[in-house]
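**Student:** Residue numbers (mature numbering (1 follows the signal peptide of the UniProt record, and there is no 0)): -23 to -1, 1 to 323.
Virtual Cβ for every residue (Gly too), placed ideally from N, Cα, C.
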Amino acid sequence: MSRTRPALTLALAAALLAGCGSGATTPGDPVNPSASQAGSGTAAPSAAATNPVWPSNFPDPQILPDGDGWVAIATNGNGMNVQTLVSDDLATWSQGSDALPKVASWSTPGKVWAPEAHRFGDRWVMYYTTMAPDPAIQCIGLAVADDPKGPYRDTSSKPLVCEQDQGGSIDASPFVAKDGTAYLYWKNDGNAVGADTWISVQRLSDDGLRLEGEPKRLIRQDLPWEGQLVEAPFVWERDGVFHLFYSANDYGSDKYAVGHATASSPTGPFTKDPEPILTSTDVAAGPGHCALLETKDGRVLMVYHAWAPDSIGSEVPGRTMWLSEVTFDGRKVSVTPPRTQLTTGL
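(1) Do you know how far the Cα of S182 is from the Cα of L161?
(2) At the level of alpha carbons, what is the spacing between Q60 and T52?
(3) Go ahead and pull the three-state DSSP assignment for W175.
(4) DSSP beta-bridge partners for N165?
(5) Do you know offhand how far A1's Cα is from K273's?
(6) Along the beta strand (DSSP E) that carries C267, what are the first and last residues, could you check?
(7) Can you check whether the CB of A122 is closer than 9 Å to the CB of A81?
(8) Could you tell me which uninterrupted beta strand (DSSP E) segments, each at least 3 residues in length, are contained entirely in the stretch 63 to 133, listed from first to last along the chain?
(9) Name the two residues that bound the continuous beta strand (DSSP E) containing A51.
(10) Considering only the alpha carbon of each residue, which of Q39, G87, P29, C116 lies closest to N165?
(11) Does V277 come out as helix, strand or coil in the three-state DSSP assignment?
(12) For S134, count the other beta carbons within 10 Å of its own beta carbon; 16 or more makes it buried, fewer makes it exposed. Which is it?
(13) Give me, in chain order, the residues of the same chain whose beta-carbon lies closer than 6 Å to that of P264; leave out the 5 immediate sequence neighbours on both sides.
(14) Just tell me which of V178, K88, F222 has its CA closest to the CA of V310.
(15) Between the Cα of A94 and those of M103, K88, S301, S242, spot the shortest distance and give me the residue it belongs to.
(16) In three-state DSSP terms, what is E203?
(17) Taking buried to mean at least 16 other C-beta atoms within 10 Å of its own C-beta, is A113 buried or exposed?
(18) Excluding sequence positions up to five away, which residues of its chain have a Cβ less than 6 Å from the Cβ of K232?
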């Protein structure tokens, strides 16, 4: 799931700050030794780049354009509410600063999961999962910044989405269609209370700050490989087709994987592929919670997290950041399986 166990998070932060384990860094330290030999400033990772592109705990990642470079944001860890990484080439990354130094007054520091951001006009809006005050469930907050790296500020007095009778609301993902209409997708945290999990969608205002209309349920767990849940939605529009990527099954196992569904409208109905499109390999276990990005040369990449196969559920290295290439053929999609060596030209 998108959630990180509090004890695990604290232990990992302490370990990283002490310099223990794989990939412990301080801000500004570049990581990916192979890629660093290839230089920077390219449109996408060089042939020398290797996966994972960030070898320390960086769950639920999203990569955003930042001028001529990139910034990645992720779930709390390493002493930050929202972790950040910065890169010139998508291959060599350096640790950044906390993108959300202060959570909303109604929430709790250190309990922030699955942030995703989108640019609306001259501002960036980030949607994030965090703890509600009462009852103690997870809900969705919203914060605003002038820069994709932050700092984001949340001045709200209550959550944006909080389905109390459905276990809470998590994994918010903004999407703006080519016609300019904005939407927010999320999951009700039903598996926390023994209920169904649904991916829902609702219109967003043009500035991304308010929900409009009524929410609509899209998909739930109904395929054998999905186990007890679906979560982590991300929508991509290509040639009039709306592709819904999502994750399913137990995030703390090698059964976690990425699914895919398509529709002719951002509000569905969506038709699922029968099997997942990204699954475990001998080098990456439980790949999931993905987001897509387009490189400067027009290729589409998927960023996601995965466990080391011999360290599933371990605090160190945790869920590390990986890249794969995505190709489209009408309603069909193909994703490069997790590989240590990134292919030439990526």
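**Tutor:** Answer, in terms of the structure:
(1) So the two alpha carbons sit approximately 10 Å from each other.
(2) Going by C-alpha positions, Q60 is about 6 Å away from T52.
(3) If DSSP states are grouped into helix, strand and coil, W175 belongs with the strands.
(4) DSSP lists S146 as the beta-bridge partner residues of N165.
(5) Reliability of the predicted coordinates at A1 is poor, the pLDDT of 42 falling under 50, and the value obtained from them is presented with this limitation in mind. Each residue's Cα considered, the two are about 30 Å apart.
(6) Here the beta strand (DSSP E) through C267 covers 262 to 271.
(7) Not a contact, by the Cβ cut-off of 9 Å.
(8) Runs of the beta strand (DSSP E) lying entirely within the stretch 63 to 133, each at least 3 residues long, are 70 to 72, 89 to 97, 100 to 108, 115 to 122 in chain order.
(9) In the DSSP annotation of this structure, the continuous segment of the beta strand (DSSP E) that includes A51 starts and ends at 46 to 51.
(10) For N165, the nearest C-alpha among the options comes from C116.
(11) Residue state, collapsed to three classes: strand.
(12) So S134 ends up on the exposed side.
(13) For P264, where only same-chain residues beyond five positions count, the Cβ hits under 6 Å are L255, Y281, A283, P315.
(14) Of V178, K88, F222, the residue nearest in Cα terms is F222.
(15) Ranking the options by Cα distance to A94, first place goes to M103.
(16) Helix at E203.
(17) Note on A113: under 16 other CB atoms within 10 angstroms of its CB, so exposed under the neighbour-count rule.
(18) N226, listed in sequence order.
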